[in-house]
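J.:
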Amino acid sequence: MRSLVVLGSTLVLGLAASCGGPATPATEPTAPSAPPVASTPAPATASAPASASVAPSASVADTVVGPDTVAWKDMTTEQKGKWMKVAVMPKMKELFQAFDAKEFEKFNCATCHGEKAKTGDFKMPNDKLPVLPTKADEFGALMKKKPNDMKFMMEKVKPEMAKLLGLKELDMKNPQPNTLGCSNCHTMKK
Ligand code: HEC
Ligand code: HEC
8 MRSLVVLGST LVLGLAASCG GPATPATEPT APSAPPVAST PAPATASAPA SASVAPSASV
68 ADTVVGPDTV AWKDMTTEQK GKWMKVAVMP KMKELFQAFD AKEFEKFNCA TCHGEKAKTG
128 DFKMPNDKLP VLPTKADEFG ALMKKKPNDM KFMMEKVKPE MAKLLGLKEL DMKNPQPNTL
188 GCSNCHTMKK
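So the sequence shown is numbered by the numbering used here: it starts at 8 and just counts up by one.
1. Under 8 Å, do N133 and C119 count as touching if we go by C-beta distance?
2. Can you give the beta carbon distance from F114 to F103, rounded, assuming they're within the 8 Å contact cut?
3. Cβ atoms of N185 and M131: under 8 Å apart, would you say?
4. Starting from F146, trace the alpha helix (DSSP H) both ways and give me its first and last residue.
5. In the DSSP assignment, what are the bridge partners of H120?
6. Taking 8 Å as the threshold (C-beta atoms), are P140 and K196 in contact?
7. Would you identify the three-state DSSP class for P29, choosing helix, strand or coil?
8. Report yes if the CB atom of L172 is closer than 8 Å to the CB atom of W79, and no otherwise.
9. M195 bridges to which residues according to DSSP?
10. Can you find the residues in the same chain that come closer than 8 Å, C-beta to C-beta, to H193, ignoring five residues on each side of it along the sequence?
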């Protein structure tokens, strides 16, 4: 239960930060995977201010675990949530807004997870995203109908998301577990 409570407050913070009116520059560290700053005891003769100024961000970095330390599948839900907030959100927001600034002017956890994210439900895939075809001819038809969206999803979203979670991309011809494909976000037609 405790971890749920913590996750809940993380979500509120995340939503507040991403929905709070005009886009404010992210204040999170942009390199959360950097090793935490070693807390070397300050030599008695050193003047204190320099190390004091790094203390706040170092303590935040301490609590964030990335897939370079713990494999995505082995992270706790709480760890995943924090990684989403500090690493996935900033990068994916940048990506989606570069693709279509107007459509994705508002970009937050719910863009991928759906409105249920607001109640702390982050189960994926999200059945509120477009349901994708699995048959080759239907997939081809969708490519014709929405070439730009499909290209963006295949060439930007899928690879970047895989990278952020430390996973390989799903190869539809040779599907393997613990990879990242369209179906990690979208539900697929039966
Ligand atoms: C760009 C899309 C995207 C955004 C934005 C996003 N997520 Fe996720 N999130 C995912 C995907 C995809 C997964 C599932 C990965 C997998 O298949 O294991 C996931 C998984 C999670 C999980 C783990 C769920 C579980 O059942 O283990 C949590 C918790 C989570 N996200 C929280 C958040 C929070 C909090 C935010 C906002 C700060 C957020 N996510 C923003 C795509 C996103
Ligand atoms: C990390 C999560 C994620 C992954 C992976 C992903 N998508 Fe998406 N996809 C989204 C989100 C978020 C949207 C935007 C939904 C919206 O407009 O609110 C979207 C939208 C779409 C749309 C609709 C575009 C439109 O405006 O009509 C299509 C089609 C699509 N994705 C196809 C794919 C395909 C094909 C793949 C795999 C190559 C894929 N997606 C992988 C998250 C994802």
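We put the beta carbon where it would ideally sit given N, CA and C, even for glycine. Keep in mind that this is a model prediction, so the values were computed, not measured.
T.: For this structure:
1. C119 is positioned such that its CB atom lies closer than 8 Å to that of N133.
2. About 6 Å separates the two Cβ atoms, so the contact holds.
3. In this structure, N185 does not lie closer than 8 Å to M131 by Cβ.
4. Its alpha helix (DSSP H) spans residues 143-152.
5. H120 pairs with nothing; no bridge assigned.
6. Yes, they are a contact pair.
7. Note that P29 has pLDDT 45, beneath the 50 cutoff, so the model's placement of it is unreliable and no number is given.
8. With contacts defined by Cβ atoms closer than 8 Å, L172 and W79 form a contacting pair.
9. M195 pairs with L139.
10. A distance below 8 Å between beta-carbons, with the five flanking residues on each side excluded, links H193 to the following residues of its chain, in chain order: P132, N133, L136, P137, V138, L139.
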